[in-house]
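**Student:** In order, the protein sequences belong to chains Z and U.
The opening position of the first sequence corresponds to residue 1 in UniProt numbering, with each subsequent residue numbered one higher.
The opening position of the second sequence corresponds to residue 1 in UniProt numbering, with each subsequent residue numbered one higher.
Attaching a single structure in structure tokens format; questions to follow.
There are 2 protein chains.
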Amino acid sequence: MPPDARYSPQVANKDPLDLRLSVDRGSPVPLYFQLSQQLESAIERGLLVPGNLLGNEIELAGRLGLSRPTVRQAIQALVEKGLLVRRRGIGTQVVHSQVRRPLELSSLYDDLEAAGQQPATRVLRLETQEAGAEAAAALGLAEGARVRLLERLRLTHGEPVAFLRNYLPPDVLKPEVAELERTGLYRLLRGAGSTLHSARQSVGARSASAAEAELLDEQAGAPLLTMQRTTYDDTGRAVEYGTHLYRASRYAFNFQLLVRG
Amino acid sequence: MPPDARYSPQVANKDPLDLRLSVDRGSPVPLYFQLSQQLESAIERGLLVPGNLLGNEIELAGRLGLSRPTVRQAIQALVEKGLLVRRRGIGTQVVHSQVRRPLELSSLYDDLEAAGQQPATRVLRLETQEAGAEAAAALGLAEGARVRLLERLRLTHGEPVAFLRNYLPPDVLKPEVAELERTGLYRLLRGAGSTLHSARQSVGARSASAAEAELLDEQAGAPLLTMQRTTYDDTGRAVEYGTHLYRASRYAFNFQLLVRG
DNA sequence: TACGTCTGGTTGTCCGGACAATAACTCGGA
DNA sequence: TCCGAGTTATTGTCCGGACAACCAGACGTA
Numbered sequence: 001m002p003p004d005a006r007y008s009p010q011v012a013n014k015d016p017l018d019l020r021l022s023v024d025r026g027s028p029v030p031l032y033f034q035l036s037q038q039l040e041s042a043i044e045r046g047l048l049v050p051g052n053l054l055g056n057e058i059e060l061a062g063r064l065g066l067s068r069p070t071v072r073q074a075i076q077a078l079v080e081k082g083l084l085v086r087r088r089g090i091g092t093q094v095v096h097s098q099v100r101r102p103l104e105l106s107s108l109y110d111d112l113e114a115a116g117q118q119p120a121t122r123v124l125r126l127e128t129q130e131a132g133a134e135a136a137a138a139l140g141l142a143e144g145a146r147v148r149l150l151e152r153l154r155l156t157h158g159e160p161v162a163f164l165r166n167y168l169p170p171d172v173l174k175p176e177v178a179e180l181e182r183t184g185l186y187r188l189l190r191g192a193g194s195t196l197h198s199a200r201q202s203v204g205a206r207s208a209s210a211a212e213a214e215l216l217d218e219q220a221g222a223p224l225l226t227m228q229r230t231t232y233d234d235t236g237r238a239v240e241y242g243t244h245l246y247r248a249s250r251y252a253f254n255f256q257l258l259v260r261g
Numbered sequence: 001m002p003p004d005a006r007y008s009p010q011v012a013n014k015d016p017l018d019l020r021l022s023v024d025r026g027s028p029v030p031l032y033f034q035l036s037q038q039l040e041s042a043i044e045r046g047l048l049v050p051g052n053l054l055g056n057e058i059e060l061a062g063r064l065g066l067s068r069p070t071v072r073q074a075i076q077a078l079v080e081k082g083l084l085v086r087r088r089g090i091g092t093q094v095v096h097s098q099v100r101r102p103l104e105l106s107s108l109y110d111d112l113e114a115a116g117q118q119p120a121t122r123v124l125r126l127e128t129q130e131a132g133a134e135a136a137a138a139l140g141l142a143e144g145a146r147v148r149l150l151e152r153l154r155l156t157h158g159e160p161v162a163f164l165r166n167y168l169p170p171d172v173l174k175p176e177v178a179e180l181e182r183t184g185l186y187r188l189l190r191g192a193g194s195t196l197h198s199a200r201q202s203v204g205a206r207s208a209s210a211a212e213a214e215l216l217d218e219q220a221g222a223p224l225l226t227m228q229r230t231t232y233d234d235t236g237r238a239v240e241y242g243t244h245l246y247r248a249s250r251y252a253f254n255f256q257l258l259v260r261g
């Protein structure tokens, strides 16, 4: 194989008919979404190889009995996910990225669970307080407003991984200890009706104090990853502020960024 | 002001005529993009307050002499940036987020420059090598293929902040020391014709070895932030792999994540 | 008061068509 | 052989229209 054959645009194309694309007009699921999902699953399963894609939009529309705008909308969604690239005059290609898991606002609990790490949570504290300056500023509340304070220890295989301190506006979520030990905070927030939208994070590092080391089963002075995060729902309201500590020996953040604009 | 007045949808609206929205049909800039930028700048400058927005799409289209799809495309772009929220049956509102800088694939150089930190770079090493297993895997090359190795020290105000080691496929960029000391790697990559698309990052922490401490002007054992990153262009090709060390006492990662799908 | 119903307003989805911009390919001429 | 012009294919932008889905508030009824 020539050294850069994998970057050539002339990769042979599967016959699109093999993809079994079809839409169900009786379904309440939007047509563009049906198509978009079928294309995505075809890519995930390797039915569509990096290279030239389903010919052109117009023909694809014709074969599916859809209009071109609808097909474009389906393709556009995948372009924004980073699965496809459009090239004017050329066509639309599948991106040949090895790793194309798009990244989401990640939840430590879900991450650990997905990695088969059997996460567990110990709730250390759950109470309502008056907000200090830091939490109030992060949540956009007045200083002294009531906030729920939550402190948890996250473990895998019985060993501590992280110490999590969160502040919640009281009307957003009223968590119970049993729930918190069973699942992650993000899942609870979503379950309570918040549609999470974005988060601002700051990741740093520092040495563990004696108390922190004790809590996390490390030596004093051991390196810790620190993370502060404010999460916003789709109206821009802050629904959670957290300041967390991770054992650097047992955890690292993995994420994928997309370029915007 | 009642406690949650800022979340009420009934915020008085500026007269949209004050916004001086208009489009230039002679310009080569797409109409939807012109409108999108004008709306964005109106939001940035506070002319549009969180609350009810420019009435409805149809009326806005009529006033500007555009079609509704074009207006929708402009609004959609801002929704994806997290500046607006659409609510069926209600209208489109400006998100009331304090911080709404959308985030991009960040460049340390640009970040420091934007923060007024006067970044400087010292090139420690620049040579072509055979790729080791790690770099080859990250770049998707065969082990032993030629790669360019680049080691830099990044400083602000004369003090070291980070040690940067990068691997580049030789046909992507042929950087020169003078360029590297004048600007950041991302800017050079873009200048060389790569359109950067996404990056996978891993952020962790560890204690500085004696040699690392010496280089970064820290004490041995001091906490360091570590970052590995592979950057991909819009065809999914890896254009850069880097493994970096930051002084935790002087730097932290700040970024904003958007929820996907 | 409490609750279901109706109504108006707004975004969501979808269609069919038109022309512009861009890139690859073909082909003729030097 | 090399190079430039023309041709063709494909996505990019834009239009006008239609109906569906959904939400809030007003209204009527129990």
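Positions of the beta carbon are idealized from the N, C-alpha and C atoms, including for glycine.
Specify, as a first and last residue, the run of the alpha helix (DSSP H) that A137 (chain Z) falls within.
**Tutor:** As a working note, residue 137 (chain Z) is residue 137 in the first sequence. A137 (chain Z) -> alpha helix (DSSP H) spans A133 to L139.
**Student:** How would you write the range of the alpha helix (DSSP H) that D233 (chain Z) sits in, first residue to last?
**Tutor:** To locate residue 233 (chain Z), count along the first sequence from 1; it is residue 233. For D233 (chain Z), no alpha helix (DSSP H) encloses it; the enclosing beta strand (DSSP E) starts and ends at P223 to D233.
**Student:** In chain order, what residues of the same chain have a beta carbon less than 8 angstroms from the beta carbon of R125 (chain U), not counting five sequence neighbours either side?
**Tutor:** Stepping through the second sequence from its first residue, residue 125 (chain U) is reached at position 125. Hits under 8 angstroms: L149, L150 and E151.
**Student:** Alpha carbon to alpha carbon, how far is R72 (chain Z) from S22 (chain Z)?
**Tutor:** By one-based count along the first sequence, residue 72 (chain Z) stands at place 72. By one-based count along the first sequence, residue 22 (chain Z) stands at place 22. Cα to Cα, the separation comes out at about 16 angstroms.
**Student:** Quick one, which residues of the segment 235-258 of chain U are near chain Z if we go by CB-CB under 7 angstroms, in chain order?
**Tutor:** T235, G236, R237, A248, A252, F253, N254, F255, Q256, L257 and L258
**Student:** Using three-state DSSP, classify T183 (chain Z) as helix, strand or coil.
**Tutor:** The residue given as residue 183 (chain Z) occupies position 183 in the first sequence. The answer is coil: DSSP assigns T183 (chain Z) none of H, G, I, E or B.
**Student:** At a cut of 8 angstroms, does the segment 182-201 of chain U reach the segment 227-239 of chain U through at least three beta carbon pairs?
**Tutor:** Because the criterion of three Cβ pairs below 8 angstroms is met, the segment 182-201 of chain U and the segment 227-239 of chain U touch.
**Student:** For the pair the segment 205-222 of chain U and the segment 239-259 of chain U, tell me if three or more CB-CB distances fall below 8 angstroms.
**Tutor:** yes
**Student:** Near L35 (chain U), which residues of its chain fall below 8 angstroms by C-beta distance, leaving aside the five closest residues on each side in sequence?
**Tutor:** By 1-based counting over the second sequence, the position of residue 35 (chain U) is 35. These residues qualify, in order along the chain: L21, V23, L64, L66, T70, V71 and A74.
**Student:** Examine chain U for any beta-carbon lying closer than 8 angstroms to the beta-carbon of A42 (chain Z), and answer yes or no.
**Tutor:** Taking the first residue of the first sequence as position 1, residue 42 (chain Z) is located at position 42. False, the Cβ-Cβ gap to chain U never drops below 8 angstroms.
**Student:** Roughly how many angstroms separate the alpha carbons of residue 337 (chain Z) and E134 (chain Z), rounded to a whole number?
**Tutor:** Absent from the model: residue 337 (chain Z). The displayed extent of chain Z is 1 to 261, so no value can be given.
**Student:** Does the Cβ-Cβ distance between G140 (chain U) and P50 (chain Z) come in under 8 angstroms?
**Tutor:** Translated into the one-based positions of the second sequence, residue 140 (chain U) becomes position 140. Translated into the one-based positions of the first sequence, residue 50 (chain Z) becomes position 50. Not a contact, by the Cβ cut-off of 8 angstroms.
**Student:** Kindly give me the distance between the Cβ atoms of L155 (chain U) and F163 (chain U), rounded to whole angstroms, as I take these residues to be in contact under 8 angstroms.
**Tutor:** Looking up residue 155 (chain U) in the second sequence gives position 155. Looking up residue 163 (chain U) in the second sequence gives position 163. Between F163 (chain U) and L155 (chain U) the Cβ distance is about 11 angstroms, and since that is not below 8 angstroms, they are no contact.
**Student:** Do S194 (chain U) and V147 (chain U) have their CB atoms nearer than 8 angstroms?
**Tutor:** As a working mapping, residue 194 (chain U) is identified with position 194 in the second sequence. As a working mapping, residue 147 (chain U) is identified with position 147 in the second sequence. Their beta carbons are not under 8 angstroms apart, which means S194 (chain U) does not touch V147 (chain U) by this criterion.
**Student:** Just to check my reading of the structure: Y186 (chain Z) and L196 (chain Z) have Cβ atoms closer than 8 angstroms, yes? What is that Cβ distance to the nearest angstrom?
**Tutor:** Looking up residue 186 (chain Z) in the first sequence gives position 186. Looking up residue 196 (chain Z) in the first sequence gives position 196. The Cβ separation is near 7 angstroms, so the contact holds.
**Student:** According to the neighbour-count rule (16 or more other Cβ atoms, all chains shown, within 10 Å of its Cβ), is I58 (chain U) buried or exposed?
**Tutor:** For the purposes of this step, residue 58 (chain U) is taken as the residue at position 58 of the second sequence. The residue in question, I58 (chain U), is exposed, as its Cβ has fewer than 16 Cβ neighbours within 10 Å.
**Student:** Kindly indicate if chain Z contains any beta-carbon less than 8 angstroms away from that of P119 (chain U).
**Tutor:** Position 119 of the second sequence holds residue 119 (chain U). Chain Z contact via Cβ: absent.
**Student:** Shorter than 8 angstroms from the beta carbon of G204 (chain U) to some beta carbon of chain Z?
**Tutor:** Mapped onto the second sequence, residue 204 (chain U) falls at position 204. The C-beta of G204 (chain U) comes closer than 8 angstroms to at least one C-beta of chain Z.
**Student:** Relative to the C-alpha of G46 (chain Z), which residue among Z:L60, Z:R25 and Z:L83 is closest?
**Tutor:** Taking the first residue of the first sequence as position 1, residue 46 (chain Z) is located at position 46. Of the candidates Z:L60, Z:R25 and Z:L83, the one whose C-alpha sits nearest the C-alpha of G46 (chain Z) is Z:L83.
**Student:** Mind listing the chain Z neighbours of L224 (chain U)? Cutoff is C-beta to C-beta under 8 angstroms, in chain order.
**Tutor:** To locate residue 224 (chain U), count along the second sequence from 1; it is residue 224. Contact of L224 (chain U) with chain Z by beta-carbon distance below 8 angstroms involves A205 and P223.
**Student:** Got a sec: which bits of the segment 17-37 of chain U sit with their beta carbon under 8 angstroms from any beta carbon on chain Z, in order along the chain?
**Tutor:** none
**Student:** Between Z:E80, Z:L108 and Z:G89, which lies nearest to V95 (chain Z) when the distance is taken from Cα to Cα?
**Tutor:** Here residue 95 (chain Z) refers to the residue found at position 95 when the first sequence is read from its first residue. Comparing Cα-Cα distances from V95 (chain Z) to each of Z:E80, Z:L108 and Z:G89, the minimum goes to Z:E80.
**Student:** Distance, Cα to Cα, D15 (chain U) vs F33 (chain U)?
**Tutor:** Taking the second sequence and counting its residues from 1, the one referred to as residue 15 (chain U) is at position 15. Taking the second sequence and counting its residues from 1, the one referred to as residue 33 (chain U) is at position 33. Because the pLDDT at D15 (chain U) is just 47, under 50, the model does not fix this residue reliably, and the point stays unresolved.
**Student:** Which residues in the same chain as L215 (chain U) place their Cβ atom closer than 8 angstroms to its Cβ, once the five residues preceding and following it in sequence are excluded?
**Tutor:** Translated into positions along the second sequence, residue 215 (chain U) becomes position 215. Result list for L215 (chain U): L153, P160 and F163, in chain order.
**Student:** Given this structure, state the Cα-to-Cα distance separating G158 (chain U) from F253 (chain U), to the nearest angstrom.
**Tutor:** The residue labelled residue 158 (chain U) in the question sits at position 158 within the second sequence. The residue labelled residue 253 (chain U) in the question sits at position 253 within the second sequence. If you take the alpha carbons of G158 (chain U) and F253 (chain U), they lie about 21 angstroms apart.
**Student:** Checking the sheet assignment: what are the DSSP bridge partners for E159 (chain Z)?
**Tutor:** One-based indexing of the first sequence puts residue 159 (chain Z) at position 159. Paired residues: Z:T156.
**Student:** Quick one: what does DSSP say Y32 (chain U) is sitting in, helix, strand or coil?
**Tutor:** Counted from its first residue, the second sequence places residue 32 (chain U) at position 32. DSSP places Y32 (chain U) in helix when its eight states are reduced to three.
**Student:** When DSSP labels each residue in this structure, what does A77 (chain Z) get in the three-state scheme?
**Tutor:** Along the first sequence, one-based indexing puts residue 77 (chain Z) at 77. Three-state result, A77 (chain Z): helix.
**Student:** With a 10 Å radius around its C-beta and 16 neighbouring C-beta atoms as the bar for buried, classify N166 (chain Z) as buried or exposed.
**Tutor:** One-based indexing of the first sequence puts residue 166 (chain Z) at position 166. Answer is buried; the Cβ neighbour count reaches 16.
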